[in-house]
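Residue numbers (the numbering used here): 91 to 174.
Below you'll find the structure, written out as structure tokens, and then a few comments.
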């Protein structure tokens with residue numbers, strides 16, 4: 091099973107982007123215990139949006155009620171909270 095949350099290096103490899111570009115990327119970023127992680131499903135949805143593709147819900151091989159919560163989050167949150 092592919093991990094849902096990716097660290098910086100894994101997110102950069104997944105998106106084929108430099109580390110610095112992923113550090114600036116707010117899409118899919120979540121803070122867990124003070125550490126930034128990127129949600130793979132949210133990254134897929136963001137990438138589809140960048141291509142101009144509208145999807146009803148992010149692709150997920152393990153659909154759950156969390157998909158609806160993620161869709162609501164993506165619809166309302168355009169950036170991750172700033173670090174203090």
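Cβ coordinates follow ideal geometry from the N, Cα and C atoms, glycine included.
Close Cβ partners of residue i (< 7 Å) along its chain, the five nearest in sequence each way excluded
i, result
"residue 108", "102"
"residue 127", "95, 96, 97 and 120"
"residue 136", "117 and 118"
Three-way DSSP call (helix, strand, coil) for residue i in this model
i, result
"residue 143", "coil"
"residue 132", "helix"
"residue 119", "strand"
Alpha-carbon spacing of residue i relative to residue j, whole angstroms
i, j, result
"residue 159", "residue 96", "19 Å"
"residue 140", "residue 134", "10 Å"
"residue 124", "residue 138", "28 Å"
"residue 122", "residue 113", "15 Å"
Cβ shell of residue i (< 8 Å), same chain only, five flanking positions each side left out
i, result
"residue 93", "100 and 130"
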